[in-house]
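Right, one structure below, let's go through it.
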Amino acid sequence: MKATILITGEKKENFLVKTISSCLKQNYYNYEIILLFSNLKNLNLLKKKFSKKIIFKKIFIKKNNPVKDQLFKISEGVKLATGKFIFLLDGDDQFKKNKL
């Protein structure tokens with residue numbers, strides 16, 4: 148069964164390389180990674196490093212409340228997700244190898 152990892156990356160630029168790398172080291176291989184963001188300062192670096200491995204989804208609507216903004220990004224990510232199981236990951240968190 149396929150899994151989807153949704154990462155919200157707003158204001159987490161310094162951590163995203165480690166976060167994405169931890170997802171790519173999973174023992175389970177049938178998954179997709181979707182990075183949701185409004186604005187990332189290091190977007191070009193991330194695309195260069197991970198463009199073939201993850202889906203980048205820019206969210207053009209920005210909510211004034213940080214919690215509502217994150218929930219909105221997650222709801223947009225769920226619409227894109229093709230996995231049966233969805234895992235949420237904040238941009239400054241990391242998965243252990245056997246998380247999936």
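Under the numbering used here, the first residue of the sequence shown carries the number 148, and numbering increases by one thereafter.
The beta-carbon is built from N, C-alpha and C at its ideal position, and this holds for glycine as well.
Just so it is clear, the structure is predicted and the values come from calculations on it, not from any experiment.
In the DSSP annotation of this structure, D240 is not part of any beta strand (DSSP E), being labelled neither H nor E. The alpha-carbon of G230 is positioned some 7 Å away from that of Y178. Annotation: the continuous alpha helix (DSSP H) that includes F219 extends over P213 to L227. In the DSSP assignment, L190 falls within the unbroken alpha helix (DSSP H) covering L190 to F197.
In the assembly as shown, I180 is a buried residue. Its beta-carbon has 16 or more other beta-carbons within 10 Å.
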